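*Asks:* Protein chains in written order, with the numbering used here: chain H, -15 to 192; chain R, -15 to 192.
Dropping a structure here in structure tokens format, bear with me for questions.
There are 2 protein chains.
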Amino acid sequence: MSPRKSVAEARETRARILDRSVAIASVEGLDGLTIGRLALDLGMSKAGVLGHFGTKEALQLAALREASAVFSRLVWEPNAHLDAGLPRLHGVCESWADYLVRARDHFPGGCLFTTAAVEYDARSGPVRDAITRLTVFWQHRRLGFDLRAAVALGELRPDADVEQLVFELTGIYLSLNQAVQLNQAADAQARALRAVDRLLALEAPVPG
Amino acid sequence: MSPRKSVAEARETRARILDRSVAIASVEGLDGLTIGRLALDLGMSKAGVLGHFGTKEALQLAALREASAVFSRLVWEPNAHLDAGLPRLHGVCESWADYLVRARDHFPGGCLFTTAAVEYDARSGPVRDAITRLTVFWQHRRLGFDLRAAVALGELRPDADVEQLVFELTGIYLSLNQAVQLNQAADAQARALRAVDRLLALEAPVPG
DNA sequence: CCTACCGATCGGTAGG
DNA sequence: CCTACCGATCGGTAGG
């Protein structure tokens, strides 16, 4: 007579909780994500929700993992098959802009990394560390890899400053997120893509 | 025998509360700014703090006003006397970068506008509206004014897209804030200024 | 996965 | 500007 579920059902419940967690946290922040709100939304008890994770901090870390999985699915995977260097970089940059403008199902309040990075940038602990790791991975590693490949392949000039490009690309996406979320600017995506194109065009190899 | 203070003392207390509010909110967010924490930090009672503002929302709005005053003092006023157009634009851009890197007294958690914009971009109400107004003012009006002046004066090419420049400049400062707060990147300020210079150089008037 | 509960803290009020 | 208090909600636990 206990309401305990099978392993498969429990796994599905966990997935439902995480999906909802990412959506709530994108709006209310990882701190504003509360067990009570989650339980209410899902029609569960607080203890039922918390049982899947143990503590709120574990839930926050799981939500960040889930957000990273969504980001990978929407931004990285569709372009993973492209040639390393400029082709894949262009693909990822387009998908990234699309993700910020259209991923309202998972992130009604905008990219969770962007929200969480600002929310935790002055704190310490495991949540902040996870956020730092993830933003470094997606911004510096993933973008950086194709940028370095483009330099090595001669698609960008040999003296291109990759970290400078990462810094500026990051800014373009942060600005796009703000324009979409705060100012509801309809032309923001076009501005972002124009900025990316101009940035990369500047680093085109000198002919001859 | 009552602990009530004179008008001047009350005003000073109010200023102390606001100063502390901006500092706390920059770390914990405008939502994480609580009356109890404020009272504890200032050695006052909660009722004593709240009496100056009435409600938490009024306190949040007052904190935003105060943050704007600090921003004006550090970024705008030192450059207000410069010639409109490129000279003042360069001055403001340098002070802005300086403000993000060094204003740790007032903003230990980074620029309050940046934090608040992300925190409230998916909510509605007076606080969100105030944040939108302030970011529009500083980004689009103030930067936009000198950019348009520069175009009118022939310091930038006549077909320069001012809103595109505002979009990209905003991104540079958002990226700088993240690099400083989240990644503690020592070279971030130099990267920001390099990005600004390159952006404006691209819009230099074509000779002849 | 539930009910029932814990101490702590939230924003805010009454009254002085 | 204080003390003393309010109902609501927080994260979390006991026990089943």
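Just so it is clear, CB atoms sit at the ideal spot from N, CA and C, and this is done for glycine as well.
What you are looking at is a predicted structure, and each value in this text was computed from that prediction instead of being measured.
For E139 of chain H versus G94 of chain H, is the C-beta distance shorter than 8 Å?
*Replies:* No, they are not a contact pair.
*Asks:* Would the segment 74 to 85 of chain R and the segment 14 to 21 of chain R be scored as touching if the rule is three or more Cβ pairs under 8 Å?
*Replies:* Too few Cβ pairs lie closer than 8 Å, so no.
*Asks:* Tell me which same chain residues have a C-beta within less than 7 Å of the C-beta of S79 of chain H, skipping the five on either side of it?
*Replies:* If we look at S79 of chain H and ignore the five residues flanking it on each side, its Cβ neighbours are L58, V59, P62 and N63.
*Asks:* How do the segment 124 to 132 of chain H and the segment 146 to 154 of chain R stand: do at least 3 beta-carbon pairs fall below 8 Å, yes or no?
*Replies:* Because the criterion of three Cβ pairs below 8 Å is not met, the segment 124 to 132 of chain H and the segment 146 to 154 of chain R do not touch.
*Asks:* Please decide whether R178 of chain R counts as near chain H, where near means a Cβ-Cβ distance under 8 Å.
*Replies:* Taking Cβ atoms only, chain H reaches closer than 8 Å to R178 of chain R, which makes this a yes.
*Asks:* Secondary structure at T18 of chain R, three-state DSSP: helix, strand or coil?
*Replies:* T18 of chain R falls in the coil class under three-state DSSP.
*Asks:* Is the number of C-beta pairs between the segment 110 to 120 of chain R and the segment 171 to 183 of chain R that are closer than 8 Å three or more?
*Replies:* Output reads no: the segment 171 to 183 of chain R does not touch the segment 110 to 120 of chain R.
*Asks:* When DSSP labels each residue in this structure, what does Q168 of chain H get in the three-state scheme?
*Replies:* It is coil, neither helix nor strand.
*Asks:* Rank H:D145, H:L158 and H:A47 by C-alpha distance to the C-alpha of C77 of chain H and give the top, closest one.
*Replies:* Among H:D145, H:L158 and H:A47, the Cα nearest to that of C77 of chain H belongs to H:L158.
*Asks:* Near R72 of chain R, what residues of its chain come up, given a Cβ to Cβ distance below 6 Å and the 5 sequence neighbours on each side ignored?
*Replies:* Excluding positions up to five away in sequence, the list reads N63, L66 and D130.
*Asks:* Shorter than 8 Å from the beta carbon of R175 of chain R to some beta carbon of chain H?
*Replies:* Chain H contact via Cβ: present.
*Asks:* So the alpha helix (DSSP H) D67 of chain R belongs to, where does it begin and stop?
*Replies:* Counting along the chain, D67 of chain R falls outside any alpha helix (DSSP H), and DSSP gives it neither H nor E.
*Asks:* Give the range of the alpha helix (DSSP H) segment to which S52 of chain R is assigned.
*Replies:* K40 to F55 is the extent of the alpha helix (DSSP H) around S52 of chain R.
*Asks:* Report back the beta-carbon spacing between G155 of chain H and G155 of chain R to the nearest angstrom; my notes put them in contact at under 8 Å.
*Replies:* With a Cβ gap of about 3 Å, G155 of chain H and G155 of chain R count as contacting.
*Asks:* In the DSSP assignment, the alpha helix (DSSP H) including P191 of chain R goes from what residue to what residue?
*Replies:* Careful: P191 of chain R lies outside any alpha helix (DSSP H) and carries neither H nor E.
*Asks:* At a cut-off of 7 Å, would you count D25 of chain R as near the ligand ZN, judging by its Cβ distance to the nearest heavy atom?
*Replies:* Of ligands this structure carries none, so the ligand ZN is not represented either.
*Asks:* Identify every run of the alpha helix (DSSP H) within the segment 62 to 150 of chain R, keeping only runs that are complete inside it and at least 4 residues long; order them along the chain.
*Replies:* 70 to 86, 96 to 104, 110 to 119 and 128 to 136, all fully within the segment 62 to 150 of chain R.
*Asks:* Among residues of its own chain, excluding the 5 on either side of I8 of chain R, which ones have a beta-carbon nearer than 8 Å to its beta-carbon?
*Replies:* So the qualifying residues of the chain are G16, L17, R21, L22 and D25.
*Asks:* Determine the burial state of E50 of chain H: buried for a count of at least 16 other Cβ atoms within 10 Å of its Cβ, exposed for fewer.
*Replies:* Flag for E50 of chain H reads buried.
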